[in-house]
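Peer 1:
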């Protein structure tokens, strides 16, 4: 354990990389996933089918295989990128499919009667969207998006296998060097992940509470 | 088609949508074209690189030592996870705080920790070297702990989904707590839980690939051996992905059928997710 505590800056640096991977691929997959969801619920059949195909393929492929694509496959196509970018690409491709599903289910959860009522009271399309549909859809979307983001946070660990020295790779490094302290080392790093997961879910809970309306 | 978001289109809107369809198709075709052109330009479409996947001995290795082993790992960990999850799920519903609270902590811990971190720890501490349990069991145990924690929530939600009148009636007949659980609540809850358990198989199956990191047997190991020999990483990844997608789609289809059979068109059991998105596979 002395090795871990005397090199605690390495632990923090590893978790910093985990957080960086999480934030960068999280923001990108929120953007791409929302665009995909717009394609899927939109009226253009071609785009909707293409979105559905992408989501089905990605959701059923293991993340590790997506990483193999990004890390070993891209160089074969003469695309040379640093490890961080390749890891971000893999995580973003994978997570945006799940973001798409979360957003789509949120939009679909708004009852048709809400829109009909809004139209019946004479609201225009823009008003219907901005005053009635989107506020309800955004609220419904927070819990599933939060669990997608937490899954992404844990999925950054796969980067350890593909040249990224983030928290999981750092735990392997310390475990290799300090055979007798392995349980404590594991618990230290696990605690780091637990704290990060709790932060994300606390953030989501806060957002959810801020947006909460009187119980229906 | 009319959904929440837009009205049934009129003639002018339909014309506009046709234009969008055309533009969308052009963009998609162009994207596929660029990918194919890159593949061609870098020689990735050469038959030599695809040949192993139509050679009988390699196909057999992929299917028997690869896919079969992977399925075996996934199903044994799901079976063990059902036992572990059942214990935890029932413990979380216990009337005694000293049973409930540790169960809660165990579930939250294993759901928040990445499976790979758990796998490295188990493999390095108990798996590697002489007398260790080996990489196969390291994968199975890591997946059991994680999926068990997820299934604990499924079981808890399934038991709570049984109408309370059932338990009240059972108590009124004079059944004891354990009898109410085993002969009234669990059999009825099982119906609701089964589809969720099958969906969890998809998650477990995808997570077996993490065994790649600790040199566990399975599809990824065979795939790696092939791409190291032929230097066809891209092709191997495509073939492996295709195999996983096929099996996972079959599993999802089974889950949907079971759901229709047992529960009807009612909504699938949704588990309030911390750490994992519910019902579907991440």
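Protein chains in written order, with our numbering: chain A, 1 to 216; chain B, 1 to 282. A virtual CB, placed ideally from N, CA and C, is assigned to each residue, including glycine.
How about the region 243-258 of chain B and the region 152-162 of chain B: do they share at least three Cβ pairs that are nearer than 8 Å?
Peer 2: These segments do not touch.
Peer 1: Between 62(B), 127(B) and 256(B), which lies nearest to residue 242(B) when the distance is taken from Cα to Cα?
Peer 2: The residue with the shortest Cα to Cα distance from residue 242(B) is 62(B).
Peer 1: In the region 30-56 of chain A, which residues sit with their C-beta less than 7 Å from some C-beta in chain B, listed in chain order?
Peer 2: For the region 30-56 of chain A, which is checked against every Cβ of chain B, the residues closer than 7 Å are 41, 43, 44, 45, 46, 47 and 50.
Peer 1: Tell me which residues share the same chain as residue 144(B) and place their Cβ nearer than 7 Å to its Cβ, disregarding the 5 neighbours each side in the sequence.
Peer 2: The answer, listed in chain order, is 77, 80, 81 and 84.
Peer 1: Helix, strand or coil for residue 133(B)? Go by DSSP, reduced to three states.
Peer 2: Note: residue 133(B) maps to coil in three-state DSSP.
Peer 1: Does the count of Cβ pairs from the region 193-209 of chain B and the region 49-62 of chain B closer than 8 Å reach three?
Peer 2: Judged by Cβ distances under 8 Å, the region 193-209 of chain B makes no contact with the region 49-62 of chain B, as fewer than three pairs qualify.
Peer 1: Is there a Cβ of chain B sitting closer than 8 Å to that of residue 212(A), yes or no?
Peer 2: So, not an interface residue.
Peer 1: What first and last residue would you give for the alpha helix (DSSP H) that runs through residue 206(A)?
Peer 2: From DSSP, the alpha helix (DSSP H) with residue 206(A) extends over 182-210.
Peer 1: Residues of chain B with a CB under 7 Å from the CB of residue 76(A): which are they?
Peer 2: Going along chain B in sequence order, the residues near residue 76(A) (Cβ under 7 Å) are 42, 44, 233 and 234.
Peer 1: Using a C-beta cutoff of 8 Å, does residue 283(B) count as contacting chain A?
Peer 2: Any answer about residue 283(B) is impossible in this case: the structure gives chain B only from 1 up to 282.
Peer 1: How would you call residue 182(A), buried or exposed, if buried means at least 16 neighbouring beta carbons within 10 angstroms?
Peer 2: By the neighbour-count rule (16 or more Cβ atoms within 10 Å), residue 182(A) is buried.
Peer 1: Taking all protein chains shown into account, do 16 or more other C-beta atoms lie within 10 angstroms of the C-beta of residue 73(B), making it buried, or fewer, making it exposed?
Peer 2: Looking at its Cβ environment, which holds 16 or more other Cβ atoms inside 10 Å, residue 73(B) is buried.
Peer 1: List the whole-angstrom C-beta distance separating residue 137(A) from residue 110(A), where the pair is believed to meet the contact cut-off of C-beta under 8 Å.
Peer 2: Yes, residue 137(A) and residue 110(A) are in contact; Cβ-Cβ is about 5 Å, under 8 Å.
Peer 1: For residue 146(A) and residue 99(A), which I take to be in contact (beta-carbon distance under 8 Å), what is that distance rounded to the nearest angstrom?
Peer 2: About 11 Å; that fails the 8 Å criterion.
Peer 1: Under 8 Å, with one C-beta from each stretch per pair, do the region 140-154 of chain B and the region 196-206 of chain B reach the 3-pair mark?
Peer 2: Yes: at least three Cβ pairs fall under 8 Å.
Peer 1: Would you report the Cα separation of residue 133(A) and residue 125(A), rounded to the nearest angstrom?
Peer 2: Between residue 133(A) and residue 125(A), the C-alpha separation is close to 10 Å.
Peer 1: Measuring straight from C-alpha to C-alpha, what distance separates residue 287(B) and residue 146(B)?
Peer 2: Since the displayed chain B opens at 1 and closes at 282, residue 287(B) lies outside it and no answer follows.
Peer 1: Going by DSSP, what residue range makes up the alpha helix (DSSP H) through residue 156(A)?
Peer 2: Looking at the DSSP string, residue 156(A) is not in any alpha helix (DSSP H), and its letter there is neither H nor E.
Peer 1: Could you tell me which chain A residues have their CB closer than 8 Å to the CB of residue 152(B), listed as they occur along the chain?
Peer 2: Here the premise fails: no neighbours, minimum Cβ distance about 16 Å.
Peer 1: If you draw a straight line from the C-alpha of residue 24(A) to the C-alpha of residue 96(A), how long is it?
Peer 2: Approximately 12 Å, taken between the alpha carbons.
Peer 1: Can you find the residues in the same chain that come closer than 7 Å, C-beta to C-beta, to residue 66(A), ignoring five residues on each side of it along the sequence?
Peer 2: Taken in chain order, the residues that qualify are 90, 93 and 94.
Peer 1: With 8 Å set as the bound, which would you pick, yes or no: does the beta-carbon of residue 86(A) sit closer than that to a beta-carbon of chain B?
Peer 2: For residue 86(A), the answer is no, since every Cβ of chain B falls outside 8 Å of its Cβ.
Peer 1: Helix, strand or coil, according to DSSP, for residue 78(A) in the structure here?
Peer 2: It is coil, neither helix nor strand.
Peer 1: Pull up the distance between the alpha-carbon of residue 13(A) and that of residue 84(A), whole angstroms please.
Peer 2: Cα to Cα, the separation comes out at about 14 Å.
Peer 1: Residue 290(B) and residue 88(B) look like a contact to me (Cβ under 8 Å); what is the Cβ gap, rounded to whole Å?
Peer 2: Chain B is shown from 1 up to 282; residue 290(B) falls before or after that span and cannot be answered.
Peer 1: Establish whether the CB of residue 212(B) and some CB of chain A are separated by less than 8 Å.
Peer 2: Taking Cβ atoms only, chain A reaches closer than 8 Å to residue 212(B), which makes this a yes.
Peer 1: Given a cut-off of 8 Å on the beta-carbon distance, is the pair residue 167(A) and residue 18(A) in contact?
Peer 2: Yes, they are a contact pair.
Peer 1: Within 10 angstroms of its Cβ, does residue 203(B) collect 16 or more other Cβ (buried), or is it exposed?
Peer 2: Label assigned to residue 203(B): buried.
Peer 1: Scan the region 101-120 of chain B for residues whose Cβ lies nearer than 9 Å to a Cβ of chain A and list them as they occur along the chain.
Peer 2: Residues 108, 109, 111, 112, 113, 114, 115, 116, 117, 118 and 120.
Peer 1: Of the residues 18(B), 69(B) and 40(B), which one's Cα is nearest the Cα of residue 217(B)?
Peer 2: Here the closest residue by C-alpha is 69(B).
Peer 1: In chain order, what are the residue ranges of uninterrupted alpha helix (DSSP H) at least 4 long that sit wholly in the region 79-144 of chain B?
Peer 2: Correct list: 97-112 and 115-122.
Peer 1: Does the beta carbon of residue 300(B) come closer than 8 Å to any beta carbon on chain A?
Peer 2: In the structure as shown, chain B begins at 1 and stops at 282. Residue 300(B) is therefore absent and cannot be evaluated.
Peer 1: Tell me, please, whether the CB atom of residue 241(B) is closer than 8 Å to any CB atom in chain A?
Peer 2: Cβ-Cβ to chain A under 8 Å: yes for residue 241(B).
Peer 1: Hey, how far is the Cα of residue 91(B) from the Cα of residue 103(B)?
Peer 2: Distance between the alpha carbons of residue 91(B) and residue 103(B) is about 6 Å.
Peer 1: Report the residues of the region 49-74 of chain B with a CB closer than 8 Å to any CB of chain A, ordered along the chain.
Peer 2: Listed in sequence order: no entries.
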